[in-house]
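To start, the structure itself, in structure tokens.
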Amino acid sequence: MEFKHYTVMKNEAVDALECRDGLVYVDCTLGGGGHSELILQKIQPNGRLIAFDIDNDAIQAASERLKDYRNLTIVKSSYTNIKKVLHELGIEKITGGVLFDLGASYHQFDKAERGFSFSKDAPLDMRFDIEQNFSAYDVVNTYGEDDLVRIFSEYGEERFSKRIAKKIVEQRKVKKLETTTELAGLIKNCTPRVKSSIHPATRVFQAIRIEVNQELTNVKNTLNDVLDLMAIGGIISVISFHSLEDRIVKNLFKYHSQRCHCEKNQMICTCPPPRLELVNKKPIMASDKEIQENPPSRSAKLRIARCIN
């Protein structure tokens, strides 16, 4: 199957890095290689790019696309291992910048057997890393009702979380849910018909995917790791696709760019100097032209920060 991947806000996200020859850059989410290729073009001949991905299809496609660039190292590993991997590669600091393009790729949604889409009949899977044992099947068929309510509410912001969780638990007493269409059908049948442009299973599928891949925890932890790895002047460029991810990025950037975190009644500030400088206070959105070419781009938000300490 051909690897299909649309690179969202390619120019905006890479331009934000202010790429220069001779510096070290990291693409934490290689995907189809669109961002990486543009970075590589800008850092010739002596810059270096380290690119992470855990999806074999993405690595295969990007490796072919980028085969003529000698200053690229592709690592089959989660970006959560960035500290360990860079240490093993002998890289002490990210001197140029780091790019995150969060969420699932078009290819993962389009490839039916990956189980990301409720519109394609497939086993409940949703793993970014197919070598991982834990999948959507485990969430749906082993989580208690309270835990299902929690993830549907927190990660999917689903208003009918309790009703859906209760129905899942009732159903699996009769027969375990095994496929995407079984789960989507159950959700559709147990929730009220509301006037909406999105399928009633959309939020629950998003919530399960986030839980399976620990997306929010990984983003928060890795951004904190990246702060320790950045050289002064290095830039962090992050594209997120839903409000939960964006909130994590926004709050972390805001916290580390503030001069003081002291209590209001504290007379003398003892806070260390801020570590970041916000490049854009409001997120950059995809252009109208890009949204026409790739409608999912409409939910993308780009935030940028520069390391100053």
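At position 208 of the sequence shown the residue is numbered 255 (our numbering), and the sequence of numbers has no breaks.
For every residue, glycine included, the Cβ atom is placed at its ideal position computed from N, Cα and C.
Predicted model, so just to flag it, every value in this text is computed and none were measured.
Tell me the rounded alpha-carbon separation between residue i and residue j.
{"i": "I101", "j": "E310", "result": "42 Å"}
{"i": "E59", "j": "I351", "result": "10 Å"}
{"i": "N265", "j": "D272", "result": "10 Å"}
{"i": "V187", "j": "L224", "result": "7 Å"}
{"i": "S125", "j": "F99", "result": "6 Å"}
{"i": "L325", "j": "I286", "result": "15 Å"}
{"i": "T189", "j": "L291", "result": "25 Å"}
{"i": "K89", "j": "R117", "result": "14 Å"}
{"i": "L276", "j": "S284", "result": "14 Å"}
{"i": "P252", "j": "F163", "result": "A quick correction: the sequence has Phe, not Pro, at residue 252. Whole-angstrom Cα-Cα distance: 7 Å."}
{"i": "I211", "j": "Q218", "result": "10 Å"}
{"i": "Y302", "j": "D68", "result": "31 Å"}
{"i": "K330", "j": "V221", "result": "Sequence inspection shows Pro at residue 330; the Lys mentioned does not correspond to that position. Going from the Cα of P330 to the Cα of V221 covers about 47 Å."}
{"i": "V259", "j": "I279", "result": "35 Å"}
{"i": "A77", "j": "I215", "result": "One point to set straight first is that residue 77 is Leu, not Ala, in the sequence displayed. Roughly 35 Å between the two C-alpha positions."}
{"i": "A108", "j": "V122", "result": "14 Å"}
{"i": "R322", "j": "N356", "result": "5 Å"}
{"i": "M332", "j": "V55", "result": "10 Å"}
{"i": "G185", "j": "N93", "result": "A small correction: the amino acid at residue 185 is Asp; Gly does not occupy that position in the sequence shown. Using only the alpha carbons, I get a separation of about 46 Å."}
{"i": "H86", "j": "L146", "result": "Strictly speaking, residue 86 in this sequence is Ile, with His absent from that position. Roughly 10 Å between the two C-alpha positions."}
{"i": "G281", "j": "F288", "result": "23 Å"}
{"i": "F207", "j": "T227", "result": "19 Å"}
{"i": "N268", "j": "N128", "result": "10 Å"}
{"i": "D62", "j": "L133", "result": "23 Å"}
{"i": "I257", "j": "E229", "result": "20 Å"}
{"i": "G79", "j": "F175", "result": "14 Å"}
{"i": "D148", "j": "P320", "result": "29 Å"}
What are the partner residues of residue i, as DSSP defines its beta bridges?
{"i": "K123", "result": "D100"}
{"i": "L325", "result": "A352"}
{"i": "F147", "result": "V285"}
{"i": "T227", "result": "Answer is none; T227 lacks a bridge partner."}
{"i": "M332", "result": "K348"}
{"i": "Y72", "result": "L96 and G144"}
{"i": "M277", "result": "I141"}
{"i": "P170", "result": "T226"}
Taking all protein chains shown into account, decide if residue i is buried (16 or more other Cβ within 10 angstroms of its Cβ) or exposed.
{"i": "K348", "result": "buried"}
{"i": "D104", "result": "buried"}
{"i": "S334", "result": "exposed"}
{"i": "E178", "result": "exposed"}
{"i": "M314", "result": "exposed"}
{"i": "S83", "result": "buried"}
{"i": "S20", "result": "This structure leaves residue 20 out entirely; the chain is present only between 48 and 356."}
{"i": "V71", "result": "buried"}
{"i": "T120", "result": "exposed"}
{"i": "T317", "result": "exposed"}
{"i": "E340", "result": "exposed"}
{"i": "P247", "result": "buried"}
{"i": "H308", "result": "exposed"}
{"i": "S344", "result": "buried"}
{"i": "G166", "result": "In the sequence as presented, Gly is not what sits at residue 166; that position holds Ser. So S166 counts as exposed."}
{"i": "K235", "result": "exposed"}
{"i": "K297", "result": "buried"}
{"i": "R306", "result": "exposed"}
{"i": "R294", "result": "exposed"}
DSSP on residue i, reduced to helix/strand/coil?
{"i": "R67", "result": "coil"}
{"i": "P342", "result": "helix"}
{"i": "I295", "result": "helix"}
{"i": "G39", "result": "What is shown of the chain runs 48 to 356, which leaves residue 39 out entirely."}
{"i": "R95", "result": "strand"}
{"i": "I215", "result": "helix"}
{"i": "D176", "result": "coil"}
{"i": "I141", "result": "strand"}
{"i": "H52", "result": "coil"}
{"i": "D115", "result": "coil"}
{"i": "T238", "result": "coil"}
{"i": "G232", "result": "helix"}
{"i": "S110", "result": "helix"}
{"i": "S304", "result": "helix"}
{"i": "T249", "result": "helix"}
{"i": "T317", "result": "coil"}
{"i": "R206", "result": "coil"}
{"i": "K89", "result": "helix"}
{"i": "S290", "result": "helix"}
{"i": "E258", "result": "helix"}
- Report yes or no: do three or more beta-carbon pairs, one from the segment 233 to 245 and one from the segment 179 to 197, lie closer than 8 Å? The segment 179 to 197 and the segment 233 to 245 do not touch, with fewer than three beta-carbon pairs separated by less than 8 Å.
- Query: Using 8 Å as the threshold, is the segment 199 to 209 in touch with the segment 165 to 176, meaning 3 or more CB pairs across them?
  - Reply: no
- Answer yes if the segment 106 to 115 comes into contact with the segment 135 to 142, meaning at least three C-beta pairs across the two stretches below 8 Å, and no otherwise. No, because fewer than three Cβ pairs between the segment 135 to 142 and the segment 106 to 115 fall closer than 8 Å, the two stretches do not touch.
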